[in-house]
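For the record, the sequence lines run as chains A and B.
Here the working numbering is used: the first residue of the first sequence is 3, the next is one more, and so on.
Here the working numbering is used: the first residue of the second sequence is 41, the next is one more, and so on.
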Amino acid sequence: MNAEFDRLDRAWYIDRIAKGLIFLCGISAIIFILSIFVFIFAQAFGFITEDLDVGEFLTDPTWRPTSESNPVYGTLALIAGTASVTGLAMLISVPISLGAAIYISEFATGRTKEVLKVVIEMLAAIPSVVWGFIGLTIMNPLIIQIFDVPMGLNVLNAGIILGLMAAPIMTTIAEDALKAVPDSYREAAEAMGATRWQIIRRVVLPSARNGLTAAVLLGVGRGFGETMAVLMASGHSVNLPTSPFDSVRALTATIAAELGETAHGSPHFGALFTIGVMLLLITFAINLTADLIIRGGWKQRGHN
Amino acid sequence: MVALPANKLEIRGLDVSYGQKRVLRDVDLDVPANQIFGIIGPANSGKTSFLRALNRMDEMTSGMQVSGQVLLDGADVRSWRNVYALRARIGVVFPLPVGLPMTIRQNVTFAPRMRGQKNKARLDELVERCLRRAALWEEVKDRLDSLGSMLSGGQQQRLTIARALSQEPDILLLDEFSIAVDPVTTMRIEDVLKELKQEMTIVLVTNLVQQARRLADRTAFFLNGECVEVGKTESLFHGDHRDPRTVDYVEGRFG
Numbered sequence: 003m004n005a006e007f008d009r010l011d012r013a014w015y016i017d018r019i020a021k022g023l024i025f026l027c028g029i030s031a032i033i034f035i036l037s038i039f040v041f042i043f044a045q046a047f048g049f050i051t052e053d054l055d056v057g058e059f060l061t062d063p064t065w066r067p068t069s070e071s072n073p074v075y076g077t078l079a080l081i082a083g084t085a086s087v088t089g090l091a092m093l094i095s096v097p098i099s100l101g102a103a104i105y106i107s108e109f110a111t112g113r114t115k116e117v118l119k120v121v122i123e124m125l126a127a128i129p130s131v132v133w134g135f136i137g138l139t140i141m142n143p144l145i146i147q148i149f150d151v152p153m154g155l156n157v158l159n160a161g162i163i164l165g166l167m168a169a170p171i172m173t174t175i176a177e178d179a180l181k182a183v184p185d186s187y188r189e190a191a192e193a194m195g196a197t198r199w200q201i202i203r204r205v206v207l208p209s210a211r212n213g214l215t216a217a218v219l220l221g222v223g224r225g226f227g228e229t230m231a232v233l234m235a236s237g238h239s240v241n242l243p244t245s246p247f248d249s250v251r252a253l254t255a256t257i258a259a260e261l262g263e264t265a266h267g268s269p270h271f272g273a274l275f276t277i278g279v280m281l282l283l284i285t286f287a288i289n290l291t292a293d294l295i296i297r298g299g300w301k302q303r304g305h306n
Numbered sequence: 041m042v043a044l045p046a047n048k049l050e051i052r053g054l055d056v057s058y059g060q061k062r063v064l065r066d067v068d069l070d071v072p073a074n075q076i077f078g079i080i081g082p083a084n085s086g087k088t089s090f091l092r093a094l095n096r097m098d099e100m101t102s103g104m105q106v107s108g109q110v111l112l113d114g115a116d117v118r119s120w121r122n123v124y125a126l127r128a129r130i131g132v133v134f135p136l137p138v139g140l141p142m143t144i145r146q147n148v149t150f151a152p153r154m155r156g157q158k159n160k161a162r163l164d165e166l167v168e169r170c171l172r173r174a175a176l177w178e179e180v181k182d183r184l185d186s187l188g189s190m191l192s193g194g195q196q197q198r199l200t201i202a203r204a205l206s207q208e209p210d211i212l213l214l215d216e217f218s219i220a221v222d223p224v225t226t227m228r229i230e231d232v233l234k235e236l237k238q239e240m241t242i243v244l245v246t247n248l249v250q251q252a253r254r255l256a257d258r259t260a261f262f263l264n265g266e267c268v269e270v271g272k273t274e275s276l277f278h279g280d281h282r283d284p285r286t287v288d289y290v291e292g293r294f295g
C-alpha cells in the first residue's frame, strides 16, 4: 500500500515540468525588461563616466558628435524636437480620441459600434513606416501648398502624423474607461431629467477621470517612443523650433539614424546609448504613472 | 385658478413591448392626486416597464416601444417637447440605491446645479430640507461632504429619495425601493412616503403585498403584462368580486 502512494507517476512529473515552464513564461517580461535596462546602461556606462558633461548634454542645443576636433553632445534641440512634436500630436489626438471614445461608448449602438471598434483597432495596427510614408508623400506637398512654406517636413507634419498614430490606442483605452462607468449612474441622471450631454459631462466623464488620464499618458508615452514616422516626417534637422514650420530632429530618430554609422565603443556610440537611457527613463516614468492612476481608479471604484 | 383634474395620471390603452416581446398590454387606470398608488405583481409582470413609460425613460432604453396614452394633468406626456422638463417633474427611486459617485451634498444638489442654480445658501437650504424630508438629515448632517457611497444601503436609498425630492416633483415613482433595505429603514421610508403624499402623488411598485396594503390608497395587480385588477386597496384584499388570480396572489398562493 505505502509504496503505491510514494510512487511518483508520469502525470506528477508532467505537472511539475508544466508548472516550471509556465512560471518561466510568466516572469519572462520581468527578465526581458531587466536585461534591456542592464544592456543599455552597460553600453552607455563608459560615456556617462568619462565623457559626459551633464550640463552640456541637457542644455546645449548643439549636437555635433562627428566633429573630430571639437565634438559636442548637446541634446537640448533633440529634446525640444521630441517635445514639440509630441506636444502638437497630443493637441490633435486628445480631443479627437476623447470625442471618438465618447461617441463609441455613449452614442453608437449595434453595428456602428462594432464596426467602429474594429476599424480603430485596424488603425492602431498600421506600421509606423507607413505613417512616415504618408507624411513624406502626402502631408509634405499638402503643407507646402496650404501654408506656402518651402519645406513640408516639420513639426506640423510630424505632429499630425504622430497624433493620428496615437489616437487609436488612446481611443481604445478611453473607451474602456467610459464603459467601466456603471449604467445605473447614467440611468439615475437620466431619470432626473439630465440631457445626454449633461450625463456625459457631469457623471460619466468625472467617474472615468482616472482611466481617461491614463489613456492620455499612454498616448504621450507612445509619442515619445515613436521613431520611424517622426524620422520621416520631421525633416530630421537639429533645430530649436520656433514655429510649427521648423524642421526638427527627435531623440529616437537620432539614435535610429546614427547608430549604424558609429564605431562600437566610441563616445558618439556611448552618447546615443545615453539618449536611449534617457528615453527609457522617461517612457518608464510615464507608463508607471499611467498604471498607478488606473490602479488608483480601481481602488476608488471598490468603495461603491 | 384652473381646477386640475382629480386624477394626476390617466393611463389609456398602454402597450409596452421589447422587439417582438409584448410585456404590457392595454393597461387602463387612473392615479388620483395626493395618494399612494400601489402596483403589485410577481416578477416579469410589467411593473417596471409601466413605471418607465410614465416619464418616457423608454426613449433611452434601446428596443423599448410604448404606445397608448399617459396623461399627466390631462395632457399626454408624449406631447411635451422638452422631455427633460417632464422628467424633472417626476422623481424616480430605483430598486438598488444608485449613489452617484460624489459627496452626499453633491448628490442632493445634482439636479438643481444641472439647471444652473449656483447660489450656495439656497443649495445648502435645499440639502437640509430634502435630507430632512427623507429622514436622513440627523444621520448625515455632520458629514455632508463625504462620499455618498460610504453610507449604508438603507441610508443610500434615503439619499436617492432626497435627491429625487430636490426638484420638487409632482410625482414620485418608487420601484421596489425596499429590496436592499433593512426592515427598520423600510418602515422609516414608509412613514416618509405617508408624509410626502400630502404634497405629491406617489406610484409605488412593490413585490411586498403587505407593503401595498400598509401604504397604498389604491392598488393595481399586474400579472404577465396585464392589469388584472385595479381599485381601492382594501377591496383588492377583501372585495367580493375579485378576480380569482388576485385572490390567489394576495393570499400568497403564488408569486
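Note that beta-carbon positions come from the ideal geometry of N, C-alpha and C, so glycine has one too.
Remember, predicted model here, so these are calculated numbers, not experimental data.
Does the segment 269 to 276 of chain A come within contact of the segment 70 to 77 of chain A, defined as at least 3 CB pairs closer than 8 Å? Short answer: they touch.
Restricting to Cα atoms, I'd like to know which of A:V206, A:S268, A:A20 is closest to D53 of chain A. What you label residue 53 of chain A is simply residue 51 of the first sequence in a count that begins at 1. Of A:V206, A:S268, A:A20, the smallest CA-CA separation from D53 of chain A is found for A:S268.
Exposure of K301 of chain A, with buried meaning 16 or more beta-carbon neighbours within 10 Å: Locating residue 301 of chain A in the first sequence gives position 299, counting from the first residue. For K301 of chain A, the predicted structure reports a pLDDT of 49, less than 50, and the residue's modelled location is therefore unreliable. A value from the coordinates is still provided. Of the other Cβ atoms in all chains shown, fewer than 16 fall within 10 Å of the Cβ of K301 of chain A; this residue is therefore exposed.
Boundaries (first-last residue) of the beta strand (DSSP E) holding P143 of chain A: Here residue 143 of chain A corresponds to residue number 141 of the first sequence, with the count starting at 1. Where P143 of chain A is concerned, there is no enclosing beta strand (DSSP E), although the alpha helix (DSSP H) it sits in stretches over 142 to 149.
Neighbour-count burial assignment, H305 of chain A, 16 or more Cβ in a 10 Å radius: Here residue 305 of chain A is taken as the residue at index 303 of the first sequence, counted from 1. Interpretation of H305 of chain A is limited by its pLDDT of 42, a score under 50 that renders its predicted location unreliable; the figure taken from the coordinates is listed afterwards. Result: exposed.
Would you please verify whether the beta carbon of M100 of chain B is less than 8 Å from any beta carbon of chain A? In the second sequence, counting from the first residue as 1, residue 100 of chain B sits at position 60. Yes, M100 of chain B counts as interfacial toward chain A.
Could you work out which residue in B:R254, B:V232, B:I201, B:T273 is closest to F134 of chain B when comparing CA atoms only? Stepping through the second sequence from its first residue, residue 134 of chain B is reached at position 94. Ranked by Cα distance from F134 of chain B, the options B:R254, B:V232, B:I201, B:T273 are led by B:I201.
Taking a Cβ distance cut-off of 7 Å, strictly less, list which residues of the segment 90 to 115 of chain A are near chain B, in chain order. Within the segment 90 to 115 of chain A, the qualifying residues are T111.
Per DSSP, which residues does D72 of chain B bridge with? Please list them. To locate residue 72 of chain B, count along the second sequence from 1; it is residue 32. This sequence places Pro at residue 72 of chain B; Asp is not what is there. For P72 of chain B, the pairing in a beta bridge is given by DSSP as B:N47.
Extent of the continuous beta strand (DSSP E) run through V106 of chain B: Along the second sequence, read from residue 1 onward, the residue named residue 106 of chain B stands at position 66. Where V106 of chain B is concerned, the enclosing beta strand (DSSP E) stretches over 104 to 112.
Buried or exposed for D164 of chain B, please, with buried defined as at least 16 other CB atoms from any protein chain shown within 10 angstroms of its CB. On the second sequence, residue 164 of chain B is found 124 positions in, with the first residue counted as 1. Residue environment analysis places D164 of chain B among the exposed positions, since fewer than 16 neighbouring C-beta atoms fall within 10 angstroms of its C-beta.
So, is H281 of chain B buried or exposed, given that buried needs 16 or more other C-beta atoms within 10 angstroms? As a first step, residue 281 of chain B is located in the second sequence; it is residue number 241 there, counting from the start. Looking at its Cβ environment, which holds fewer than 16 other Cβ atoms inside 10 Å, H281 of chain B is exposed.
Quick one: any contact between the segment 80 to 100 of chain A and the segment 222 to 234 of chain A, if contact means 3 or more CB pairs under 8 Å? The segment 80 to 100 of chain A makes contact with the segment 222 to 234 of chain A, as at least three CB pairs between them are under 8 Å.
Which chain B residues are close to V205 of chain A, counting only those with a beta carbon under 7 Å from its beta carbon? Locating residue 205 of chain A in the first sequence gives position 203, counting from the first residue. Result: L140.
In terms of DSSP beta bridges, what is F58 of chain B paired with? Counted from its first residue, the second sequence places residue 58 of chain B at position 18. Sequence inspection shows Tyr at residue 58 of chain B; the Phe mentioned does not correspond to that position. In DSSP, Y58 of chain B forms a bridge with B:K61, B:M104.
When you compare the CB of P195 of chain A with every CB in chain B, is at least one pair closer than 8 Å? Against the first sequence, residue 195 of chain A aligns to sequence position 193. Strictly speaking, residue 195 of chain A in this sequence is Gly, with Pro absent from that position. Judged by the 8 Å Cβ criterion, G195 of chain A is in contact with chain B.
Extent of the continuous alpha helix (DSSP H) to which V270 of chain B belongs: Within the second sequence, numbered from 1, the residue matching residue 270 of chain B stands at position 230. Segment 266 to 272 is the beta strand (DSSP E) holding V270 of chain B; no alpha helix (DSSP H) there.
Tell whether a beta-carbon distance below 8 Å holds between P243 of chain A and G83 of chain A. Taking the first sequence and counting its residues from 1, the one referred to as residue 243 of chain A is at position 241. Taking the first sequence and counting its residues from 1, the one referred to as residue 83 of chain A is at position 81. Cβ distance < 8 Å, so P243 of chain A and G83 of chain A count as in contact.
Give a yes or no on whether 8 Å exceeds the smallest Cβ distance from N306 of chain A to chain B. The residue you call residue 306 of chain A lines up with position 304 of the first sequence. In this prediction, N306 of chain A scores a pLDDT of 39, lower than 50, which makes its location untrustworthy; no coordinate-derived value is stated.
I'd like to know whether the C-beta atoms of V240 of chain A and W65 of chain A end up nearer to each other than 8 Å. Taking the first sequence and counting its residues from 1, the one referred to as residue 240 of chain A is at position 238. Taking the first sequence and counting its residues from 1, the one referred to as residue 65 of chain A is at position 63. Yes, the pair counts as a contact, with Cβ atoms nearer than the cut-off.
Using 10 angstroms around the beta-carbon of N84 of chain B, count the other beta-carbons present and answer buried if the total reaches 16, otherwise exposed. Position 44 of the second sequence holds residue 84 of chain B. Per the 10 Å Cβ criterion, exposed.
Interface residues of chain A facing Y124 of chain B [CB-CB closer than 8 Å]: Taking the first residue of the second sequence as position 1, residue 124 of chain B is located at position 84. Simply G195, A196, T197.
DSSP has L244 of chain B in a bridge; who is on the other side? On the second sequence, position 204 is the one that residue 244 of chain B refers to. Per DSSP, B:G78, B:L214.
Report the neighbours of A128 of chain B on chain A: residues whose CB is nearer than 8 Å to its CB, in chain order. Here residue 128 of chain B is taken as the residue at index 88 of the second sequence, counted from 1. Under the 8 Å cutoff, chain A gives M194, G195.
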